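Reading the sequence shown from the start, the letters are residues -27 to -1, 1 to 471 in mature numbering (1 follows the signal peptide of the UniProt record, and there is no 0). Where is the CB? At the ideal position from N, CA and C, for every residue including glycine. Quick caveat: nothing in here was measured; it's all calculated off a predicted structure.
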Amino acid sequence: MQRRTILTGTALGVAGAALGATGQAEATTSGLTAITNVTVIDAVGGVRRGQTVLVRGERILDVAAAQRVPVPRGATVVDGAGRYLVPGLADMHTHATGIDDTDPELYVVNGITTTRQMSGGAEAREWQRQIAAGARRGPRWVIGSRIVDGDPSLWDGLDPDGGIHVTVSDPGEARAAVRQEHAAGAAFIKTYSRLSRESFLAVADECRKLGVPFLGHVPDVVSLTEASDRGLRTVEHLFTVFYDTSADEERLRRALAAVPIGPGDYNGWFNRMRPLEYAAALSYDERKAEKVFRRLARNGTYVTPTLVLHETNDLPEQIDRRDRRYRYFSAAMLDYWNYTLETHYLPGRTPASVAQSKELFARRLHLTAALAEAGVPLMIGTDLGTTYLMPGFSLHDELRLLVRAGLRPMQALAAATLHPARYLGRRDLGVIAAGAVADLVLLDADPLHDIRNTTRIHSVVVRGRLIGPTERAQMLADIRAAAQQPKAAAVPLRPCPC
């Protein structure tokens, strides 16, 4: 192990990695952390008991059986006995809310070390800058374009400053929007629901020319399989999946194309689409679905189910307004959530529609399990910005829902660790191995026994920076105190970008 550690340290350019034959440090051990006698869990190496994990700087120096690893003098030692170490978690579908400013800290105290911002936005870019400068602790941010939607757009009038969306009316404008967002530094282009088929294909072609991924909503008039064949990198949400798997697809697609939408008619669109989606779910064809999902898997198309979003949309009556986690959010945020629940989610709900929604959500869970069984790589995303969804906390709810759908706990963990890393093209994320980025979560209980144990966090390591129990508790206390501070100005309400 010592020789391997030395070679690994040299290859990574990590200073002071060499250990002497006696096991004592021969160079400075400043910045070295050792997590000892821990059970290591990841989707590549499986379960490895009795391990010591050495971290220096932003990298894992080595992982080996505890009895073979001498702990250098001066190292910060974290006792991992009886504890479980998993890779840092990723939330692959988030939106900066523009209300509270504690999202970065709430992510890391909950073990989330990577996030994907799905609608551009100044807030996330400012957080990215602050975190890179060391001014605050937070996850890495992968920030995409503004939403590229058709004309009329669901966002016309709801986003007056154009910070969230760009409207395109033809393929030429679609190509121009892709070039503009790419030049502005977007890591990917996000497509939206009301794009015409011609504009969507133009986005796909322009992204291929520029070498930038495109992903997001499958437009209403584009089939899931065609979007995947054209290179859509990830499918966000399950709203459109049922159509491709329906035995009544042809009729339903005609109905979809006939749905009238005015500028900014977000709620009207959602309400008109819902009966069609329910009809598609009821006509689900298992054999057809298997062919569709195998095709997605062959194309390397990822799916981000966002089950917590669907649970909120489908079952608003079940939202617990007394959740103790809400104490970490401001009165302005809680007022926003309550307002949207009372004015958008609950009106018009009848016993019949509630029963229908329960059935639809149960079918979403079945759909998620079928995708996983077919080999489609799933990623965890929460769609932060939706009513009552919380940065950090809601990711653990999503893990729970994936297991409820039928995934094994290790599969759910892979959706939050390994699959996001592979999507990002990173072999040094989502695993616990020598040379990997030191993004780690130390748990007090086994997540493979009960996935809810991912909330039993002892410590978090973010790019090699240890946040131990005392510091983590203080961060939570500071976030709670910040939530009690009155806001200087009212925040304009606007619906979630999804």
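Residue from the options whose Cα sits closest to the Cα of residue i
| i | options | result |
| --- | --- | --- |
| Leu374 | Gly348, Asn10, Ile424, Ala270 | Ile424 |
| Gln40 | Asn10, Gly123, Ser196, Glu31 | Asn10 |
| Thr70 | Thr218, His422, Ala378, Trp310 | Trp310 |
| Asp130 | Pro236, Pro459, Arg170, Thr313 | In the sequence as displayed, the identity of residue 130 is Gly instead of Asp. Ranking Pro236, Pro459, Arg170, Thr313 by Cα distance to Gly130 puts Pro236 first. |
| Thr390 | Thr359, Asp356, Thr427, Ala378 | Thr427 |
| Glu154 | Gly107, Val139, Glu209 | Val139 |
| Leu413 | Leu439, Arg399, His422 | Leu439 |
| Ala316 | Ala343, Val404, Asn240, Val42 | For clarity, residue 316 is Thr in the given sequence; the question names Ala instead. Cα-wise, what sits closest to Thr316 is Asn240. |
| Arg247 | Leu62, Ala147, Ala228 | Ala228 |
| Asn272 | Gly348, Phe302, Ile405 | Gly348 |
| Glu21 | Ala406, Gln447, Pro459, Pro43 | The sequence shown places Arg at residue 21, rather than the Glu named in the question. The residue with the shortest Cα to Cα distance from Arg21 is Ala406. |
| Leu144 | Ile162, Gly94, Ser172, Gly437 | Per the sequence shown, residue 144 should be read as Pro rather than Leu. Closest by alpha carbon: Ser172. |
| Arg102 | Asn83, Arg203, Val115 | Val115 |
| Thr6 | Ala48, Leu34, Val42 | Ala48 |
| Phe161 | Val51, Leu397, Leu351, Gln457 | Leu397 |
| Thr213 | Ala230, Ala231, Glu199, Asp193 | Asp193 |
| Ile430 | Asp35, Asp15, Gly53 | Gly53 |
| Arg181 | Gly204, Ser169, Arg170 | Gly204 |
| Leu282 | Leu368, Ala220, Ser256 | Leu368 |
| Gln457 | Pro393, Arg300, Leu314 | Arg300 |
| His68 | Val51, Trp100, Asn83 | Trp100 |
| Pro289 | Met383, Ser330, Leu183 | Ser330 |
| Ile234 | Asp124, Ile72, Gly136, Thr355 | Asp124 |
| Pro393 | Pro350, Ala159, Arg98 | Pro350 |
| Pro45 | Gly55, Pro60, Val28, Val59 | Val28 |
| Gly136 | Ala97, Met383, Pro60 | Ala97 |
| Ala418 | Ile8, Asp15, Gly55, Val13 | Gly55 |
| Ala385 | Asp451, Ala450, Ala342, Asp221 | Ala342 |
| Thr279 | Thr355, Asp308, Glu259 | Thr355 |
| Arg245 | Arg110, Ala304, Leu225 | Leu225 |
Cβ-based burial, residue i [other Cβ within 10 Å; buried from 16]
| i | result |
| --- | --- |
| Gly18 | exposed |
| Tyr165 | buried |
| Ala454 | exposed |
| Ser142 | exposed |
| Gly30 | buried |
| Ala388 | buried |
| Thr218 | buried |
| Arg32 | buried |
| Tyr57 | buried |
| Ser326 | exposed |
| Ser201 | buried |
| Glu223 | exposed |
| Thr443 | exposed |
| Lys163 | buried |
| Arg400 | exposed |
| Tyr80 | buried |
| Tyr216 | buried |
| Tyr275 | buried |
| Pro459 | exposed |
| Gly(-5) | Low per-residue confidence applies at Gly(-5): pLDDT is 32, beneath 50, and the placement is therefore not dependable enough to give any value. |
| Glu346 | exposed |
| Gln24 | buried |
| Gly403 | buried |
Paired residues, beta bridge with residue i - DSSP
| i | result |
| --- | --- |
| Ala430 | Residue identity check: residue 430 is Ile in the sequence provided, not Ala. Leu416, per the DSSP bridge assignment. |
| Ile234 | DSSP output for Ile234 lists no bridge partner at all. |
| Tyr257 | Ser219 |
| Gln24 | Val11, Ala38 |
| Thr359 | Leu357 |
| Val208 | Gly189, Val276 |
| Gly19 | Asp15 |
| Leu351 | Val276 |
| Leu439 | Val434 |
| Ile33 | Val28 |
| His422 | According to DSSP, which records beta bridges pairwise, His422 is partnered with nothing at all. |
| Thr49 | Thr6 |
| His138 | Ile120 |
| Val410 | Arg32 |
Min CB distance residue i to chain B below 8 angstroms
| i | result |
| --- | --- |
| Arg268 | The chain labelled as chain B is not found in the depicted structure, where only one protein chain is given. |
Indicate whether the contact test is met: 3 or more Cβ pairs, each with one atom in the stretch 324 to 335 and one in the stretch 343 to 363, closer than 8 angstroms. They do not touch, by the three-pair rule.
What residue ranges within the stretch 142 to 174 form continuous alpha helix (DSSP H) runs of no fewer than 4 residues, ordered along the chain? Complete alpha helix (DSSP H) runs here, min 4: 144 to 156.
Three or more C-beta pairs under 8 angstroms: does that hold for the stretch 54 to 65 against the stretch 78 to 87? With a cut-off of 8 angstroms, the stretch 78 to 87 and the stretch 54 to 65 count as touching, because enough Cβ pairs lie within range.
I want to know whether the stretch 248 to 257 touches the stretch 316 to 325 - three or more CB-CB distances under 8 angstroms. These segments do not touch.
Cβ contact check for the stretch 257 to 266 and the stretch 144 to 163: 3 or more pairs under 8 angstroms: The answer is no - the stretch 144 to 163 does not touch the stretch 257 to 266, with fewer than three Cβ pairs under 8 angstroms.
Going residue by residue through the stretch 52 to 123, where are the continuous beta strand (DSSP E) segments of at least 3 residues, counting only ones entirely within it? As far as the stretch 52 to 123 is concerned, its whole beta strand (DSSP E) runs of at least 3 residues are 57 to 60, 62 to 67, 85 to 90, 113 to 116, 120 to 122.
Answer yes if the stretch 204 to 212 comes into contact with the stretch 182 to 190, meaning at least three C-beta pairs across the two stretches below 8 angstroms, and no otherwise. Contact between the stretch 182 to 190 and the stretch 204 to 212 is present: three or more C-beta pairs spanning the two stretches fall below 8 angstroms.
Every unbroken alpha helix (DSSP H) inside the stretch 243 to 303 [4 residues or more]: Runs of the alpha helix (DSSP H) lying entirely within the stretch 243 to 303 and spanning at least 4 residues, in chain order: 259 to 272, 280 to 287.
In the stretch 360 to 404, which residue ranges form an unbroken beta strand (DSSP E) of at least 3 residues, counting only runs that do not cross its ends? Runs found: none.
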